[in-house]
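Peer 1: Reminder that position 99 of the sequence shown reads as 184 in the working numbering, one-by-one numbering, no gaps. Ideal placement from N, C-alpha and C gives every residue a C-beta, glycine not left out. Let me give you the structure first, and then I'll get to my questions.
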Amino acid sequence: MHIQKIKRSYRKTRYVLYKETLIDFKEHFWAFLGSFIGIGIIAYLQSKELPHSDVVYLIGSFGASSVLIYGVIQSPLAQPRNLVGGHLISAIVGVTVAKFVPDVLWLTSALSVSISIVLMQLTKTLHPPGGATALIAVTGSAEIKNLGYWYVITPVLSGVLTLLIVALIFNNMTANRYYPSHKKYHKFRKRIHKTLK
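Here it is as structure tokens:
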């Protein structure tokens, strides 16, 4: 029974990935535009607010999140709960591990990523870029490490919310493209479309 569930889940994921990577230039256009604006806003804030300091607002895991939330928007791993929860949990874990086990790179790296994965699984917020967010907290520059738990608020939460707001706008610009993929959201969206007509 459990193996059948896994196989069904695997087939569904394969279908979603296949469907969303087909050559559909409209889809590619919206994926490009959404990711360009989402990452562009964060990079712009970085260049205006902290032009001479280390790159703090624009962390690498945001690039990986952009692939999911703009390019594979129907994936369970790309949904808002996963995006926000996965990054926040991983950021908290990364900062905590860095505080309790400082200066042991191999241990902090392994612990932060591994604990993040398990906590994301337990909370149903699995988002692969979250592992990178945890890793950045323990391997990042001195400036990032000095942020402590502020790392969770900015750059992580502020950046994730920016990406999410842009995704909610650009992933819903056409009738064929909708985000998030939750059933309640679809019912709500249909009601809005009916009232606008």
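1. Could you say which of Gly145, Val182, Ala116, Trp191 lies nearest to Ile154 if we only look at CA atoms?
2. Is it buried or exposed, Gln164, if we count other Cβ atoms within 10 angstroms and call 16 or more buried?
3. Answer yes or no: do Asn310 and Gly119 have a C-beta to C-beta separation smaller than 8 Å?
4. What ranges does the alpha helix (DSSP H) occupy inside the segment 186-270, keeping only unbroken runs of at least 4 residues that lie completely in it?
5. Measuring alpha carbon to alpha carbon, tell me which residue in Leu168, Val169, Ser197, Val186 is nearest Pro179.
6. If we ignore side chains and look at the alpha-carbon of each, how far apart do Ile229 and Gln89 end up?
7. Would you decide whether Phe147 is buried or exposed? Buried here means 16 or more other CB atoms lie within 10 Å of its CB.
8. So, at 6 Å on beta carbons, what are the nonlocal neighbours of Ile158 in its own chain, with the 5 sequence-adjacent residues on each side left out?
9. Report yes or no: do three or more beta-carbon pairs, one from the segment 177-194 and one from the segment 213-225, lie closer than 8 Å?
10. Give a yes or no on whether 8 Å exceeds the smallest Cβ distance from Gly233 to chain D.
11. Just verifying my parser: in three-state terms, what is the DSSP assignment at Leu143?
12. Which residues in the same chain have their Cβ closer than 7 Å to the Cβ of Pro213, if we skip the five residues on either side of it in sequence?
13. Is it right to say Gly125 is buried, meaning 16 or more other beta carbons lie within 10 angstroms of its own, or is it exposed?
14. Would you tell me roughly how many angstroms separate the C-alpha atoms of Leu204 and His113, rounded to the nearest one?
15. For the alpha helix (DSSP H) containing Ile154, list its first residue and its last residue.
Peer 2: Let me lay it out:
1. On the sequence shown, position 69 is the one that residue 154 refers to. Closest option to Ile154, Cα to Cα, is Ala116.
2. For the purposes of this step, residue 164 is taken as residue 79 along the sequence shown, with counting starting at 1. Around the Cβ of Gln164, a 10 Å sphere holds 16 or more other Cβ atoms; the residue is buried.
3. This structure cannot speak to residue 310, because the chain is shown only from 86 to 282.
4. 190-207, 214-224, 227-231, 243-255
5. Counting from 1 along the sequence shown, the entry for residue 179 is found at position 94. What sits at residue 179 in the sequence shown is Gly, not Pro. That would be Ser197, whose Cα lies nearest to the Cα of Gly179.
6. As a working note, residue 229 is residue 144 in the sequence shown. As a working note, residue 89 is residue 4 in the sequence shown. Their backbone Cα atoms lie some 44 Å apart in a straight line.
7. Walking along the sequence shown from the start, residue 147 turns up at place 62. Under this definition Phe147 is a buried residue.
8. On the sequence shown, residue 158 is found 73 positions in, with the first residue counted as 1. For Ile158, where only same-chain residues beyond five positions count, the Cβ hits under 6 Å are Asn256, Tyr264.
9. yes
10. Absent from the structure: chain D. Only one protein chain is present.
11. The residue labelled residue 143 in the question sits at position 58 within the sequence shown. Looking at Leu143 - three-state DSSP - the assignment turns out to be coil, as it is neither helix nor strand.
12. Taking the sequence shown and counting its residues from 1, one reaches residue 213 at position 128. Ala149, Leu162.
13. As a working note, residue 125 is residue 40 in the sequence shown. Exposed: under 16 other Cβ atoms inside 10 Å.
14. Position 119 of the sequence shown, counting from 1, holds the residue named residue 204. Position 28 of the sequence shown, counting from 1, holds the residue named residue 113. The alpha-carbon atoms of Leu204 and His113 are separated by roughly 33 Å.
15. For this step, residue 154 is matched to residue 69 along the sequence shown. Neither: Ile154 is in no alpha helix (DSSP H) and is coded neither H nor E.
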